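Report on the following structure.
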Amino acid sequence: MATRWPPLDIFHSLADLLTRYHYLMEDLAKLLTETRNPRTQQIDRLPTLDMLTLINDEDATVAAAVRAELPHIARAVDEISARFLRGGRLFYIGAGTSGRLGVLDASECPPTFSVPPTLVQGLIAGGDTALRKSSEKSEDSPEQGAADLAATGFGQNTNGEVIDTLVGIAASGRTPYVLGALAHAKKLGALTIALTCVPNSAMSQVVDIAITPATGPEVLTGSTRLKAGTATKLVLNMLSTGIMIRTGYTYGNLMVNVQPTNAKLVDRAHRIIAEATGVDIPTATKLLTNAGDSVKTAIAMQLLSLNREAAEAALTSHQGSLAATLK
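Residue numbers (the working numbering): 613 to 939.
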């Protein structure tokens, strides 16, 4: 278990954060994600199939680590969803693999749920260049983390309440870039969430909600793109998908907000309409055209016997929720 951070009166300043960072560096080798895995110490001497079996055995432990965190993930989904319904946004921030996974999850929300790219945003230390070219030094600056978050306009509020949310992602739970961003978000009064793989980490102690799947030592010592990265991807999948379900962007398990922007997605849209309404594919194709390529509008038109304008108005009056519109 990592040593607890000294006094938790949160961050008085970024200079204070730097002081605490140097304290944390002394304990880096003791983190669960940095320790050596006794089960894989001889992995380079194994036949290839045995080597891969060992990696797979380690991967099989990840789902259980995530399951243990479901109550915290559920709380995060509910808290963020409530803020979404008031106009809030979700931001992910991280460095290296953690940052890339956050950007990936954010970038998949617009095509999957037809939400604007500003609704879920991913930030990575070193900027977009770091998505392809590693920029390890960038993660050591808490000031840059705060500045990058501030540059997005983070801190949107309604009636004086900040309704934006920041999820800081770091396998170790002590990345300075992420800590700096969390300090900025906390100062504004935003909802802050830590996604780490080290219980009782620095990040976990200073946020509103801590999600900490304890994935343990990696197959390759310290290579957190492996089990920790897998756990992070699983949690991010749950967060974004759960939030979209809670806020009406799906109908049952159907992606009714999908954008039919290529042949595969057009075909999927036709099948979704057919599944939801019971019509055949030719009828679904015509419905989608008449609905201006909106799957939800097409379904509402068919099931409520409405024209396009009336269906769009009905959806709008129910905040875009097809389930609520059809009740």
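No residue lacks a Cβ here, since even glycine has one placed at the ideal position from N, Cα and C.
Since we're looking at a predicted model, the values are computed, not measured.
Thr804 is not a Cβ neighbour of Val790, given a cutoff of 8 Å. Taking each of Gln654, Pro723, Leu934 and Ser784 in turn and checking the Cα distance to Gly711, the smallest one comes out for Ser784. Straight across, the Cα-Cα distance linking Thr901 with Ser852 is about 29 Å.
Within the region 678-706, the runs of beta strand (DSSP E) at least 3 residues long that lie entirely inside it are, in chain order, 702-706.
With contacts defined as CB atoms closer than 8 Å, Thr724 and Val868 fail to qualify as a contacting pair.
For Thr777, the pairing in a beta bridge is given by DSSP as Leu702 and Leu803. Restricting attention to alpha helix (DSSP H) runs no shorter than 4 residues, the region 820-883 encloses them at 839-858, ordered along the chain. Measuring C-alpha to C-alpha distances from Gly700 to each of Thr895, Thr673 and Asn771 identifies Asn771 as the nearest. Here Asn769 is bridged, per DSSP, to Val774.
Ala935 sits exposed, since fewer than 16 C-beta atoms from the chains shown fall within 10 Å of its C-beta.
For Thr909 against Ala923, the beta-carbon gap comes to about 5 Å, under 8 Å, which counts as contact. Rounded to the nearest whole angstrom, the C-alpha separation of Leu800 and Ala694 is 18 Å. Boundaries of the beta strand (DSSP E) around Gln733: Val732 to Ile736.
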